[in-house]
Amino acid sequence: MNWILLAAAAFNSTTPPPAPLVDSVAITRLQYDGGGDWYANPSSLPNLLAAVRERTGIPVARREISVRPLDPALRDHPYLYMTGHGNVSFTPAERAALREYLLDGGFLHADDNYGLDESFRREIALIFPDAELTEIPPSHPVFHTFYDLSDGLPKIHEHDGKPPQAFGIFHGGRLVVFYSYESDLGDGWEDQGVHDDPPEIREQALRMGVNLFLYVMGQVVP
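What follows is the structure, given as structure tokens:
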């Protein structure tokens, strides 16, 4: 996929990349049914994309776009993001499409925005009955790719007061699903006035988002 080569070249180059004539790489919001607010935190992805662009020089998009699992253009979106507070439900055809997309080089970041956990775990188990979500330790490179996050996934919002946990599904050594639980990174990416998070909390969320983006885009697709 050309987007992997583009991102890797921009990230590894010793000179700043030229200003792009068009947006090159995006983080795409996954639209789903079931009643959950898939559209939650509307300012989060534009702010994360701005952080990636300003801090790394990678020519990412300036605004988010959304896609459904059965959209014929799904494969054109290398990095999917989903969040929400309620129920997630995919049809059998959508599950099959997402599985094929993920095994063929795509990536999904699911971000629990308090209320997503039960239905997401149910759906991802149906998409990957042959794989389980496994906890990703703080020593994993995803937490050290650009910024050194020695404690792993940062805690952004209180939720149930549990420690934040990062889970993943790997295929052939490649991270295909990243699930941030009891953290709520998207809230930390939102505009300052939305949740009134302290600047240091928002910075931790953005650093995690930048790390995850760079790690994922630098993976080698078998």
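Per the working numbering, the sequence shown starts with residue 11, numbered consecutively. Where is the CB? At the ideal position from N, CA and C, for every residue including glycine.
1. I'd like to know whether the C-beta atoms of Y157 and Q175 end up nearer to each other than 7 Å.
2. Would you mind working out which of L118, G96, A103 sits nearest W48, comparing C-alpha positions?
3. Rounded to the nearest angstrom, how far is the Cβ of P164 from that of M218, given a contact under 8 Å?
4. Go to V3, then tell me how far its beta strand (DSSP E) extends in each direction, as first and last residue.
5. Quick check: the segment 67–77 against the segment 39–55, are at least 3 beta-carbon pairs closer than 8 Å?
6. Name the one or two DSSP bridge partners that V77 has.
7. I'd like the list of long-range same chain contacts for V225, defined as Cβ closer than 8 Å, with 5 residues on each side in sequence excluded.
8. Identify whether D121 lies in helix, strand or coil by the three-state DSSP scheme.
9. Taking all protein chains shown into account, decide if D193 is buried (16 or more other Cβ within 10 angstroms of its Cβ) or exposed.
10. Quick check: the Cα distance between V62 and F100, rounded to an integer number of angstroms?
11. If you reduce the DSSP assignment to three classes, tell me which class T144 lands in.
12. Could you tell me which residues DSSP puts in a beta bridge with G94?
13. Once DSSP output is grouped into helix, strand and coil, what is the label at S149?
14. Can you find the residues in the same chain that come closer than 8 Å, C-beta to C-beta, to D201, ignoring five residues on each side of it along the sequence?
15. Pull up the CB-CB distance for G46 and V231, whole angstroms please, since I reckon it's below 8 Å.
16. Applying the 10 Å Cβ sphere with the 16-neighbour rule, what's the burial state of L31?
17. Going by C-alpha to C-alpha distance, which of Y189, L80, L59, Q214 sits closest to E145?
18. Where does Y157 fall in DSSP's three states?
19. To which residues does DSSP link H6 through a beta bridge?
20. Output the distance between the C-alpha atoms of L195 and L216, rounded to the nearest integer angstrom.
21. So the alpha helix (DSSP H) Q202 belongs to, where does it begin and stop?
22. Where do the N-terminal and C-terminal ends of the alpha helix (DSSP H) with V62 fall, by residue?
On the basis of the supplied data:
1. For the purposes of this step, residue 157 is taken as the residue at position 147 of the sequence shown. For the purposes of this step, residue 175 is taken as the residue at position 165 of the sequence shown. No. Outside cutoff.
2. Along the sequence shown, read from residue 1 onward, the residue named residue 48 stands at position 38. Residue G96 is the option with its Cα nearest to W48.
3. Residue mapping note: residue 164 aligns to position 154 of the sequence shown, counting from 1. Residue mapping note: residue 218 aligns to position 208 of the sequence shown, counting from 1. Right, the Cβ-Cβ distance comes to about 6 Å (below 8 Å), so this counts as a contact.
4. An answer regarding residue 3 cannot be provided, because it is not within the stretch 11 to 232 covered by the chain.
5. Contact between the segment 39–55 and the segment 67–77 is present: 3 or more CB-CB pairs across the two stretches fall below 8 Å.
6. Taking the sequence shown and counting its residues from 1, one reaches residue 77 at position 67. V77 is bridged to L40.
7. Along the sequence shown, read from residue 1 onward, the residue named residue 225 stands at position 215. Per the sequence presented here, residue 225 reads as Tyr, with Val not at that position. Hits under 8 Å: P151, V152, T155, L185.
8. Taking the first residue of the sequence shown as 1, we reach residue 121 at position 111. The answer is strand: DSSP assigns D121 an E or B state.
9. Looking up residue 193 in the sequence shown gives position 183. Sequence check: residue 193 is Ser here, not Asp. Buried, since its Cβ has 16 or more Cβ neighbours within 10 Å.
10. In the sequence shown, residue 62 corresponds to position 52, counting from 1. In the sequence shown, residue 100 corresponds to position 90, counting from 1. CA-to-CA, the gap between V62 and F100 works out to about 30 Å.
11. Position 134 of the sequence shown, counted from the start, is the residue given in the question as residue 144. Under the three-state reduction of DSSP output, T144 falls in the strand class.
12. Counting from 1 along the sequence shown, the entry for residue 94 is found at position 84. For G94, which the question treats as bridged, DSSP gives the partners D122.
13. Taking the first residue of the sequence shown as 1, we reach residue 149 at position 139. S149 falls in the coil class under three-state DSSP.
14. Position 191 of the sequence shown, counting from 1, holds the residue named residue 201. If we look at D201 and ignore the five residues flanking it on each side, its Cβ neighbours are S53, N57.
15. The residue you call residue 46 lines up with position 36 of the sequence shown. The residue you call residue 231 lines up with position 221 of the sequence shown. Their Cβ separation, rounded to whole angstroms, is 29 Å, which puts G46 and V231 out of contact at 8 Å.
16. On the sequence shown, position 21 is the one that residue 31 refers to. Confidence is the limiting factor: at L31 the pLDDT is only 34, short of 50, which leaves the residue's position unreliable, though a coordinate-based value still follows. Classification of L31: exposed, given that the 10 Å Cβ count is below 16.
17. Within the sequence shown, numbered from 1, the residue matching residue 145 stands at position 135. The shortest C-alpha separation from E145 is found at Y189.
18. Reading the sequence shown from its first residue, position 147 is the one you call residue 157. Correct three-state label for Y157: coil.
19. With the chain covering 11 to 232 only, the question about residue 6 has no answer from this structure.
20. Looking up residue 195 in the sequence shown gives position 185. Looking up residue 216 in the sequence shown gives position 206. Those two C-alpha atoms are separated by around 8 Å.
21. Translated into the one-based positions of the sequence shown, residue 202 becomes position 192. 202–205 is the span of the alpha helix (DSSP H), which, as asked, contains Q202.
22. Sequence index remark: in the sequence shown, residue 62 carries index 52 (1-based). Segment 54–66, the alpha helix (DSSP H) holding V62.
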